[in-house]
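K.L.:
Sequential numbering of the first sequence, starting at 10, is according to our numbering.
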Amino acid sequence: MNKRLRLAVRNAVCTDCALHEEADGEHRCVTGQGPNGARIAVVTKTPLSTESRMRRELETYLRDVGIDLTQIMWLSALKCQVWGMEATKVHQKACAPYLRREFEFLNPEFVLCLGAEAWFAASGWADITKNRGKTFAVTEGTGVIFPTISPSAVNRNPGLIGGFLADLRYFARMVNDTAGADVPPHHVPPPDRVHTVATKQGLRAVVRALRAATVVSYDIETTGASPWDTDGRIVSLSLTTATDGGMDTAEVWQIPLYHPESPWRTKWRAVLRALAKYLCAVPKRVAHNAKFDSKWMTYFDVPMLPTFDTIIALALLDENQPKGLKPTAQQRLGADPWGIDTKDLLNTPLDEVLAYNGLDTWHTLRLYYVLRVELSEHKRTLRLFQHLMMPLIQELVLVEINGVYVDRDQLEQNWLEVKTILDRIHAGLREHLPPDNDIPEQFFNRRGELQINFNASNFARWWLFEYLGLPVLATGKSGMPSMAEDIMASLAEQHPAAKLMVERVEWNKYDTAFFTPWSQQIDANSRMHTVFKPWGTRTGRLSSGKEDAEKITAGARNQKGVNLQQVPRNKLARGVFGAPPGSRFVEADYSQIELRLAAFFAKERRMLHLYATGQDIHMATAMQMTGKPASAVTPEERKKAKAVNFGFLYGMGWMKFIETAWSNYGLRVTEHEARAFREAFFAGFPDLLPWHAKQRRLVRKYGRVETPMGRIRHLPDIYSPDKGVQAEAERQAINSPVQALASDMAALSMVHVSREFRRRGMDSIAIGLVHDAVNYEIPNDELSEALPLIKGTMETLPLRELFGLDLTVPIIADVKVGTHWGGASEVPGVVVSTPAELNRWILENVS
DNA sequence: CACCAGGGCGCG
DNA sequence: AAAGCGCGCCCTGGTG
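#1: Among Ala611, Ser245, His701, which residue has its Cα nearest to the Cα of Leu281?
#2: Relative to the C-alpha of Ser553, which residue among Phe453, Asp447, Val408, Ser487 is closest?
#3: The beta strand (DSSP E) that contains Glu835, what's its start and end?
#4: Return the CA-CA distance between Tyr287 and Phe394, expressed in angstroms with no decimal places.
#5: How big is the Cα-Cα spacing for Leu852 and Val595?
#6: Leaving out five residues on either side along the sequence, give the residues of the same chain with a beta carbon under 6 angstroms from the beta carbon of Ile531.
#7: From Val427 to Asp557, what distance separates their C-alpha atoms?
#8: Is DSSP giving Gln210 helix, strand or coil here?
#9: Would you list the residues sitting across from Thr232 in a DSSP beta bridge?
#10: Looking only at C-alpha atoms, which of Lys649, His618, Glu646 sits nearest to Pro695?
#11: Classify Val840: buried if its beta carbon has 16 or more other beta carbons within 10 angstroms, exposed otherwise.
#12: For the beta strand (DSSP E) that Trp262 lies in, which residues bound it at each end?
#13: Would you list the residues sitting across from Met6 in a DSSP beta bridge?
#14: Taking the alpha-carbon positions, what's the Gly636 to Thr643 distance?
#15: Going along the chain, which residues of its own chain have a beta-carbon closer than 6 angstroms to the beta-carbon of Val511, five neighbours each way excluded?
#16: On the DSSP bridge assignment, give the partners of Ser85 in chain order.
#17: Which residues share a DSSP beta bridge with Asp696?
#18: On the DSSP bridge list, what partners appear for Ile434?
#19: Work out the CA separation of Asp345 and Ala190 for me, nearest whole Å.
#20: Quick one: residues in its chain with C-beta nearer than 6 angstroms to the C-beta of Cys122, no 5 flanking neighbours on either side, listed in chain order?
#21: What's the call for Leu707, buried or exposed, on a 16-neighbour Cβ count within 10 Å?
#22: Quick one: residues in its chain with C-beta nearer than 7 angstroms to the C-beta of Leu798, no 5 flanking neighbours on either side, listed in chain order?
#23: List in chain order: all unbroken beta strand (DSSP E) runs of 3+ residues lying wholly within the segment 356 to 425.
#24: Is the CB-CB distance between Val295 and Phe317 below 8 angstroms?
#25: Have a look at Asp495 and Ile434 and give me their C-alpha separation to the nearest angstrom.
#26: For Ala588, does the three-state DSSP call read helix, strand or coil?
#27: Starting from Phe155, follow the beta strand (DSSP E) in both directions and report where the run begins and ends.
#28: DSSP beta-bridge partners for Pro490?
#29: Could you pull the DSSP bridge partners for His204 from this structure?
#30: Mind reading off the beta-carbon distance from Phe452 to Arg513? Whole number of angstroms is fine, and I expect it under 8 angstroms.
#31: Give the list of continuous beta strand (DSSP E) stretches no shorter than 3 residues that lie fully inside the segment 733 to 820.
#32: Assuming Thr232 and Thr370 make a contact with CB atoms under 8 angstroms, what is their CB distance in whole Å?
#33: For His196 versus Arg182, is the C-beta spacing smaller than 8 angstroms?
#34: Using 10 angstroms around the beta-carbon of Ala251, count the other beta-carbons present and answer buried if the total reaches 16, otherwise exposed.
#35: Within 10 Å of its beta-carbon, does Thr622 have 16 or more other beta-carbons around it, so buried, or fewer, so exposed?
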């Protein structure tokens, strides 16, 4: 503790906020620690003792970036050292004057604020995530204030480490620079190579640069959630052009478009279109998350197809690393922190928007030069990048713009059906509610109204497990009684309310998770659009949902996403989607693809034989489980057998099997039976366990596994000291190549089918990928041409030509056709491949 | 008001 | 000691 500071500032009998009640003696009003005359003040949330872990961690970080620790005075936003009591804004406000007094006494040149509380105490301002990484001169006489996030935020979320370290590096350069707070630019474009395009002459200069460029990186800033929304606009466009000379020749072009201060505000689309020809003609077109920018530009008539997406390159090189542009540029390229609040761009000064926009493209191009070298060192992965991922992005741009057709009438009708059922359920549930005066006060709001909540809330738990006295069969981590479906199902016999609660869960989900968000997402053309993320999974599958939060602007913050990969498999839900009049919805899915590929990887002789002779492995398991002949096995039973096959295939143990058999079959299986069934499964397919062992060896040796198409799964957990974590990595090593190859094949088929549609001048389009299935929308008069094309492409992908891969297992695709997704009927395989029969089938089935 | 984790459940 | 894998969204309750 610094004595002089303590004497000048400390108030040992402070009662300014409630925290003093818990703090006494030395823990009340703890002032700064450090030498008199320290140039740097480091502000944390609470006082840190010199021995604390946090203090040592921070010292390591600061020393590593080159800060002289003897120059630091350690201060805190909250002066009372209190455990188990959270400080509110009121406490923070009350305490802030003491920190200000410390500043006045010390007069530090630099103030580093770690976390929201420290930033608030030092500046009086909030929004740490918005303001971090920038310098502020808040009051006269106090030096530069530099806020960043707290190290505990980094500990909770390791993905933040890159940005945190970049902030510290920047702070260190500022501190160590002899010129004081005037930090020289670091990895930013020289000012004479940054151009704002606000005149016709400027536009001509961009065109000249584009014509000379061999590579361009591009990035747009937008407002509105999607280009087809009424408020969807491109606020600005930035380009960084370069010739063969690399970054030394790079020039940044910042083009204001719809921004209020833009000279092109009213004719922004014309300006964009005027540039289109030159933009699209640059040989290499680079972007970070290119699908986003290309989608908007394509929608506004500039079909900019990317050739290099830095986010895809990052994902292929290491699927586990943070993939954002800013953390990557800061971590890997030593870039200074940059960024603005993008939530309300139209009210952000144009120069700020442009500077931000321009820096994005500058760093994207820098990243491109690094990543293309790294990719070229992994030949197979490079092939995957070139032959699958970049073409896939180009297709997904179109898939997302097209969206999927929604039958509004059907949606209304099905939704009404759900609402009617829910009303009945809720009426039934209310009959079992206690009279108001039996209900604890906490469930009434301030106005005295009862807050009934049948979801898994405190109210529902009190009502079921305390008032109705149902037994607690399971609890969650936090000790709360579980209200999971299977738990409630076992309570259903004890009380009719429990039975109604089980029914409610399913129907309520239709209402809140499906029909409600869907109804909000239909565009003026009755189409619904999802956002696919081709870098969204560890295995290479696409994820489906909404755009990342930072892309969504103020008015659309609460925009819901639509995940077209979790639409319930029934007519009620899938029957809402379909094809517009005159077209058909076609679903083409790979039959048992993962099992086939597992047979291929394991060289499993019996599986390969079953497939070579056209048999069905799920059916074989269903027969074994039910003891029925094939003719008596129901589709439902076969579906359950599928879950069992995949379970054992990917390392499920007998205990989990007992659970699965109970919840899926309603079958009570003993430990002995479960072990026997598992043994029977592996005895039936004797080459599977040796394959499991091989994958375990591989991942132990290399820390990763790879598909023959070049997709790598890094599994560093295999080196964890925790055996359970290791075992998890081993199971992932078994599953990943199979799942990855299957999804890459589905994606590749979509790319090739769509390209062929266009080459032949057809109007058929792809509208979605569901892991191992591809959905298409086909005009009726193109069905006879499209169906064989789809099936044929899926079954005979050019894997050997593109990836040097020979699959030794037959691949089968099933094709279903219908007016709607739900209710589409399967076209027999032989019919699809026989032109005459297919034409007859179409005549009979398509009106 | 915004964000987060955990529980739960939809899909492959 | 315990053991299928891969996702996204809705809801709650807690916290700043």
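Ideal placement from N, C-alpha and C gives every residue a C-beta, glycine not left out.
P.N.:
Let's see:
#1: Locating residue 281 in the first sequence gives position 272, counting from the first residue. Answer by Cα proximity: Ser245.
#2: Translated into the one-based positions of the first sequence, residue 553 becomes position 544. Cα-wise, what sits closest to Ser553 is Val408.
#3: For the purposes of this step, residue 835 is identified with residue 826 of the first sequence, where counting begins at 1. Segment 834 to 836, the beta strand (DSSP E) holding Glu835.
#4: Here residue 287 corresponds to residue number 278 of the first sequence, with the count starting at 1. Here residue 394 corresponds to residue number 385 of the first sequence, with the count starting at 1. Spanning the two alpha carbons is a distance of roughly 25 angstroms.
#5: For the purposes of this step, residue 852 is taken as residue 843 along the first sequence, with counting starting at 1. For the purposes of this step, residue 595 is taken as residue 586 along the first sequence, with counting starting at 1. Their Cα atoms are separated by approximately 16 angstroms.
#6: Within the first sequence, numbered from 1, the residue matching residue 531 stands at position 522. The residues are Val415, Met537.
#7: The residue labelled residue 427 in the question sits at position 418 within the first sequence. The residue labelled residue 557 in the question sits at position 548 within the first sequence. The straight-line gap from Cα to Cα measures roughly 31 angstroms.
#8: For the purposes of this step, residue 210 is taken as residue 201 along the first sequence, with counting starting at 1. Correct three-state label for Gln210: helix.
#9: Looking up residue 232 in the first sequence gives position 223. Beta-bridge pairing links Thr232 to Arg242.
#10: Reading the first sequence from its first residue, position 686 is the one you call residue 695. Pro695 has its Cα closest to that of His618, out of Lys649, His618, Glu646.
#11: Stepping through the first sequence from its first residue, residue 840 is reached at position 831. Buried is the call here.
#12: Along the first sequence, one-based indexing puts residue 262 at 253. Start and end: 260 to 265.
#13: Past the edges of the chain, shown from 10 to 856, lies residue 6, and the structure says nothing about it.
#14: Position 627 of the first sequence, counting from 1, holds the residue named residue 636. Position 634 of the first sequence, counting from 1, holds the residue named residue 643. Each residue's alpha carbon lies about 12 angstroms from the other.
#15: Counting from 1 along the first sequence, the entry for residue 511 is found at position 502. Result list for Val511: Met497, Ala498, Ala501, in chain order.
#16: Counting from 1 along the first sequence, the entry for residue 85 is found at position 76. BP columns for Ser85 point to Thr53.
#17: The residue given as residue 696 occupies position 687 in the first sequence. Asp696 is not bridged to any residue.
#18: To locate residue 434, count along the first sequence from 1; it is residue 425. According to DSSP, Ile434 bridges with nothing at all.
#19: In the first sequence, counting from the first residue as 1, residue 190 sits at position 181. In the first sequence, counting from the first residue as 1, residue 345 sits at position 336. For Ala190, the predicted model reports a pLDDT of 48, less than 50, meaning its position is unreliable and no value from the coordinates is stated.
#20: As a first step, residue 122 must be located in the first sequence, where it is residue number 113. Counting only Cβ-Cβ distances below 6 angstroms, and skipping sequence neighbours, we find Val52, Trp128, Ala131, Pro156.
#21: One-based indexing of the first sequence puts residue 707 at position 698. It is buried - the Cβ of Leu707 has at least 16 other Cβ atoms within 10 Å.
#22: Stepping through the first sequence from its first residue, residue 798 is reached at position 789. So the list reads Val762, Glu765, once near-sequence residues are dropped.
#23: 413 to 415
#24: By 1-based counting over the first sequence, the position of residue 295 is 286. By 1-based counting over the first sequence, the position of residue 317 is 308. A contact, by the Cβ cut-off of 8 angstroms.
#25: Along the first sequence, read from residue 1 onward, the residue named residue 495 stands at position 486. Along the first sequence, read from residue 1 onward, the residue named residue 434 stands at position 425. Going from the Cα of Asp495 to the Cα of Ile434 covers about 19 angstroms.
#26: Looking up residue 588 in the first sequence gives position 579. Here Ala588 sits in coil by DSSP.
#27: In the first sequence, the residue the question calls residue 155 occupies position 146. 153 to 157 is the extent of the beta strand (DSSP E) around Phe155.
#28: By one-based count along the first sequence, residue 490 stands at place 481. In DSSP, Pro490 forms a bridge with Thr484.
#29: Residue numbering aside, residue 204 sits at position 195 when the first sequence is read from its first letter. Answer is Trp262, bridged to His204.
#30: Here residue 452 refers to the residue found at position 443 when the first sequence is read from its first residue. Here residue 513 refers to the residue found at position 504 when the first sequence is read from its first residue. At roughly 18 angstroms, the Cβ-Cβ gap does not stay under 8 angstroms, so Phe452 and Arg513 are not in contact.
#31: 774 to 778, 782 to 788
#32: Within the first sequence, the letter at position 223 stands for residue 232. Within the first sequence, the letter at position 361 stands for residue 370. Not confirmed; about 19 angstroms, so no contact.
#33: For this step, residue 196 is matched to residue 187 along the first sequence. For this step, residue 182 is matched to residue 173 along the first sequence. Not in contact: His196 and Arg182 (Cβ atoms no closer than 8 angstroms).
#34: Counting from 1 along the first sequence, the entry for residue 251 is found at position 242. By the 10 Å Cβ count, Ala251 comes out buried.
#35: Locating residue 622 in the first sequence gives position 613, counting from the first residue. Exposed.
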